[in-house]
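Chains as they are written, first to last, in my numbering: chain A, 1 to 520; chain B, 1001 to 1125; chain C, 2001 to 2233. Backbone N, C-alpha and C define an ideal beta-carbon position, used for all residues, glycine too. No experiment lies behind these values; they were computed from the predicted model shown. Contents: one structure, followed by commentary.
Shown next as structure tokens:
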């Protein structure tokens, strides 16, 4: 029941924020505290029982809406709570407008409801609600670039959701239910009729548009880069993750593994390549999110439940360090006036210490430097993946990550020349709190992850070996970047318009359908 | 396969094509509306949901009555589609007011020019 | 850019055609099982309109979120168009006297019809969303035919906004109340009554009316901003 209370609480308080005008911040903060408590309660129950189920109104599962809080759900819910709090801390001083808090509450409420939702139509409604709220939040400051980026986002996301709903219609036609558990039973009993592949392809493509799969999420780089700071952090850290969680749930029911592997590989590689050659840091971070989602999808394609949990652990780790990086970049960019790496390096003495620290820890986290959370998450994935192809792919992606982030290294140089003209910028208290919490998360979260997968044994020797390997990969990445710096490539950007986006969605649908054996 | 299903699928495909091919923003919104409308049509004309009479009666309802569930889904879908179209229209209005064009490609070019100008200015400063 | 455009059109046509083909070939036809009887039994919550009992009882959770989607849309329209929209355009779009007079005459019946649909939503087709939409269409008709000026004088934005938020709060509280009596959340606690009479189906008609209020207020705001500040290319 608690699982249902959390989103409903958020909805209630968002309406209250709407009425409370100037006091909206405080209502929102109180709501965050309340929901954090509820999340903690739910977590204890899930840890004790493994899984908590609840059907609203007491109706039978087949017709009513069922909520299932399992390990992935509670992990993402915890991440959501944390990032939610960080966003509030970050924006506390700056934003007083009630509608900001109303929208945020609804977004977080929808995301919280998504983590536990086990009903296809409920998922549809929640994904659309998340699209609408994040659309308004991206364009919140009304700058034309933001408006345009989020408009493209809305068009593509709505089209994707249209596909999703068609998939839902196909499912209802044949299975008579929208409940995921019942659906799984029906599919198991049905053998291999063509509608299963059709529905699987439709649903996957629909959700994929929102989840950061490269070809489908062409809107992501511009939207995340143009959005206000804290919103980018929340979008990258949470909204995208929720859609990946839905992919996870779909993968448990439909035979989607080959398609997920291919999509993950393509996303990972293309995202890394684009990130490598991008000089605007916010945009680079956005491309990078695509690449990391590819990483998680590759892990997911492994198929076993342990692989799914490893993928979720990676998503949580990514949420932490990506949010940290976005906030740090945002702070730095605010003092300098642009997020271009050249200008940031030139002005490195003037950057607030908080921002530099955030970027430093975030970079280490994302390239998997031991013993931060990125390293641990990659360990988990490595332990669950058996296929050689996947391992190679993952190593290549790790290399690409290290190479892209090598750009940031000059920011961290220790130098003694403190010139008198440039004053160091400072961050306000809220921002420091937010970044501090995220840094703590990145540093310490990883240590808890091996306990998530029961039966996982990581010997100390293996850990040392992998730690060494991670450092080596980081070094190799930096070397690659140093070599590539001379040969700069300007990659085509023209593929990010809406038309190509819709075309890409249709083509990916056909590709996915064929990949899971459609025409057979 | 009912006529409704076939029409819905064809409409969806045509509307998707319109989204891809046409450059006018308002036309794109209309096409998006058509995409959503065709999904609604699909839900309503599913063979499983079709029945001999509507599922509304105070007394007993025969088992051949229509299935009320797809109709409930349709209700939610229509409301959400309305919300999407309204919000998209708002942003289109704001962009058009500023740039005086509804052509998507021109808008993209104009906005990119602005961004590059701002970047270049930042570089020199 | 012509060859690229041609390529895009060709690729788009191919992709759409492929999509339609895949769907039509694989969509199949489900077996109409014997579950219809169970559905009928299940939805007998006292509401004669079984769709209402699904929307406002069995799947109330979905309806709440969908209502919030609507509210977010209204919020977006309000917030973004309040300040940046073009100047208020007061003239009407219609010249014919017949249409204008008819619009003026039609407004009250449409409002009443909307209220009827909302209140009787559990007994005949209709419901909160439909009722609110019909009433708002009446407003739209008058705004377009007679100029936005006429109703704009009655349109107090802050009050409507407050009304909408209060309605949402009340709705959510009613939905959450069963938890206090350790019943499942969102359950329908009021007595089902005699199916077919006005006061039946528990909380369903209450939700219907509240939703209709909310949808009417929101859609009025949306119509107001869109018609009044329509701007030009």
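Span of the alpha helix (DSSP H) around residue 13 of chain A
2–20
Checking the sheet assignment: what are the DSSP bridge partners for residue 547 of chain A?
Since the first residue of chain A shown is 1 and the last is 520, residue 547 of chain A is not available in this structure.
Burial state of residue 113 of chain A (16 or more Cβ within 10 Å)
buried
Excluding the five sequence neighbours on either side, which residues of its own chain have a C-beta within less than 7 Å of the C-beta of residue 2012 of chain C, listed in chain order?
none
Stretch-stretch touch, CB-based, cutoff 8 Å, three pairs: the segment 69–86 of chain A with the segment 316–328 of chain A:
yes
So that I know if they touch, is there some Cβ in chain B lying closer than 8 Å to that of residue 2083 of chain C?
no
Please check the pair residue 278 of chain A and residue 1080 of chain B, which I expect to be a contact at CB under 8 Å, by giving their CB distance rounded to whole angstroms.
In fact, because the Cβ distance is near 35 Å, the residues do not count as touching under 8 Å.
Whole angstroms is fine: what's the gap from residue 352 of chain A's alpha carbon to residue 249 of chain A's?
42 Å
Taking residue 294 of chain A and residue 397 of chain A to be in contact with their CB atoms under 8 Å, please state how far apart those CB atoms are, rounded to whole angstroms.
7 Å
Quick one, which residues of the segment 131–143 of chain A are near chain B if we go by CB-CB under 9 Å, in chain order?
131, 132, 135, 136, 139 and 142
Under 8 Å, CB to CB, which of the residues in the segment 1018–1034 of chain B have a partner in chain C?
1020 and 1021
For residue 357 of chain A, does the three-state DSSP call read helix, strand or coil?
helix
Quick one, which of A/119, A/146 and A/244 has its alpha-carbon nearest residue 182 of chain A's?
A/119
Rounded straight-line distance, which links the Cα of residue 145 of chain A to that of residue 1103 of chain B:
16 Å
Just curious, the beta strand (DSSP E) that residue 1097 of chain B is in, first and last residue?
No beta strand (DSSP E) contains residue 1097 of chain B, which is instead part of the alpha helix (DSSP H) from 1068–1099.
Pull out every residue of the segment 2005–2024 of chain C whose Cβ sits closer than 8 Å to any Cβ of chain A, in chain order.
2008, 2011, 2012, 2015, 2016, 2018, 2019, 2022 and 2023
Between the alpha carbons of residue 516 of chain A and residue 175 of chain A, how many angstroms are there, rounded?
20 Å
C-beta contact flag for residue 38 of chain A and residue 16 of chain A at 8 Å
no
When you measure from the CB of residue 2132 of chain C to every non-hydrogen atom of the ligand SAM, does any distance come out below 7 Å?
The ligand content of the structure shown is nil, which means the ligand SAM is not present either.
According to DSSP, which residues form a beta bridge with residue 179 of chain A?
A/119
Rounded straight-line distance, which links the Cα of residue 2053 of chain C to that of residue 1069 of chain B
Our two residues, residue 1069 of chain B and residue 2053 of chain C, have alpha carbons roughly 10 Å apart in a direct line.
Relative to the C-alpha of residue 2210 of chain C, which candidate in C/2067, C/2016 and C/2108 has its C-alpha closest?
C/2067
What are the complete alpha helix (DSSP H) segments, minimum 4 residues, inside the segment 34–106 of chain A?
Listed in chain order, the complete alpha helix (DSSP H) runs (minimum 4 residues) inside the segment 34–106 of chain A are 71–91.
Does the Cβ-Cβ distance between residue 522 of chain A and residue 401 of chain A come in under 8 Å?
One cannot answer for residue 522 of chain A here, as it falls past the ends of chain A, which runs 1 to 520.
Using C-beta distances below 7 Å, list every residue in its chain close to residue 213 of chain A, excluding the 5 sequence neighbours before and after it, in chain order.
Non-local C-beta neighbours of residue 213 of chain A in its own chain, meaning closer than 7 Å and more than five positions away in sequence, comprise 263, 267 and 293, ordered along the chain.
Can you say whether residue 2203 of chain C is buried or exposed, counting buried as having 16 or more other CB atoms within 10 angstroms of its CB?
buried
So which residues of chain C does residue 193 of chain A contact, with C-beta pairs closer than 9 Å?
Near residue 193 of chain A (Cβ distances below 9 Å), the residues of chain C are 2026 and 2028.
Where residue 1056 of chain B falls: helix, strand or coil (DSSP):
strand
Roughly how many angstroms lie between the CA atoms of residue 344 of chain A and residue 281 of chain A, to the nearest whole one?
9 Å
Does residue 201 of chain A come within less than 8 Å of chain B when only Cβ atoms are used?
no
DSSP state of residue 339 of chain A, grouped into three classes?
coil
Residues of chain A with CB under 9 Å from residue 1094 of chain B, in chain order?
139, 142, 144 and 147
Proximity test, Cβ basis, 8 Å: residue 509 of chain A and chain C
yes
DSSP state of residue 428 of chain A mapped onto helix, strand, coil:
Residue 428 of chain A falls in the coil class under three-state DSSP.
Stretch pair the segment 165–175 of chain A + the segment 193–204 of chain A: three plus CB contacts closer than 8 Å:
yes
Taking Cβ-Cβ distances below 9 Å as the criterion, which residues of the segment 1038–1055 of chain B are in contact with chain A?
When C-beta distances to chain A are compared with 9 Å, the residues of the segment 1038–1055 of chain B below that value are 1038, 1039, 1040, 1042, 1043, 1046, 1047, 1048 and 1049, in chain order.
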